[in-house]
Structures are given as C-alpha cells and as structure tokens.
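In this note's numbering, the protein residues as written are -11 to 136. For each residue, glycine too, the CB sits at the ideal point set by N, CA and C. Below: the structure, in structure tokens.
Next up, the structure:
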C-alpha cells in the first residue's frame, strides 16, 4: 500500500470514528496531492507525496512559532495536533547520531575540506536522507563537520 492509498484509508477511518481534526488535516493533505497531480497531469510518486508532506509539516512548524509569538495558544495547540497527525505518515526518522556518522563517512569519501565543499556534500547527503531527517538539521550538521 503506497502513501496515498494509506492516506485515503485513514480518511475513511477518521470519517467512521468522527475524528474531525484528523479528517480535516488529512483532507487538506489529500487536496494538496490532487492539486499537484492536476498540475503535473499524472499521479504523484511516493517520493513526491512525501515531499508534499514535509512541506505541510514545515508550514505547521512555522505556524506554531507564529502563534506562539502572537500569544494564540488555542491555534498553536491545534497546529501541534495537526503536526502529530501528519508526522505519522513520515518514514522513521534517523537519529542525529546515526546521521552524524553517515555524514562523516560521506565527507571522508568525498575528501571534502571545508565550507567551500558544502554544496558537494549536501548533494550526496540530502537524497540519501530525504524524508528521514530534517533538511535544516542536515545542513547544520554538515556545516558543523566541515568547520563552517
């Protein structure tokens, strides 16, 4: 069962259990997927759906910080609950320690010297950890290990 099918099954489950927050969140994601499919005139792959999912998660995180600054705890809590729901569809996240070890191996393999090689290292690391680790965490880790 691919990610899109799982999403549709969970929408049905949320309808049956009358879980309105989950239903709204999943329907929003489903409509985003359908809009992208219409734009591309084809079905999205799991990687593309995953990319859309991470974009939605990033939007939720930004909204949470904005609501926190604005003192809107009610909206912040709603966004946090939606974030948890969306997080269930992400692949298992890699630990920071495992990520650090693999990035060190890649840097050693590419013989990267310093900050000037950041792009070269990121080009190899990002596809390997797509959806399994946050992009900003990867960038910070690579920068730290390259001594930027």
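With DSSP as the reference, label residue i as helix, strand or coil.
{"i": "residue 103", "result": "helix"}
{"i": "residue -11", "result": "coil"}
{"i": "residue 88", "result": "helix"}
{"i": "residue 53", "result": "helix"}
{"i": "residue 65", "result": "helix"}
Mind reading off the beta-carbon distance from residue i to residue j? Whole number of angstroms is fine, and I expect it under 8 Å.
{"i": "residue 98", "j": "residue 112", "result": "7 Å"}
{"i": "residue 40", "j": "residue 21", "result": "6 Å"}
{"i": "residue 17", "j": "residue 74", "result": "7 Å"}
{"i": "residue 70", "j": "residue 64", "result": "Contact flag wrong, Cβ pair sits at about 11 Å."}
To the nearest angstrom, how far is the alpha carbon of residue i from that of residue j?
{"i": "residue 101", "j": "residue 5", "result": "55 Å"}
{"i": "residue -11", "j": "residue 104", "result": "42 Å"}
{"i": "residue 48", "j": "residue 96", "result": "36 Å"}
{"i": "residue 14", "j": "residue 58", "result": "26 Å"}
{"i": "residue 11", "j": "residue 90", "result": "38 Å"}
{"i": "residue 92", "j": "residue 35", "result": "25 Å"}
Count the other CB atoms within 10 Å of the CB of residue i; is the residue buried (16 or more) or exposed (fewer)?
{"i": "residue 29", "result": "exposed"}
{"i": "residue 26", "result": "exposed"}
{"i": "residue -8", "result": "buried"}
{"i": "residue 134", "result": "buried"}
{"i": "residue 109", "result": "buried"}
message = With three or more C-beta pairs closer than 8 Å as the rule, is the stretch 36 to 47 touching the stretch 80 to 93?
response = Flag = no, the stretch 80 to 93 and the stretch 36 to 47 do not touch.
inquiry  = Quick test of the definition: if touching needs 3 or more C-beta pairs under 8 Å, does the stretch 62 to 82 touch the stretch 113 to 120?
reply    = The stretch 62 to 82, when compared against the stretch 113 to 120, does touch it at the 8 Å Cβ threshold.
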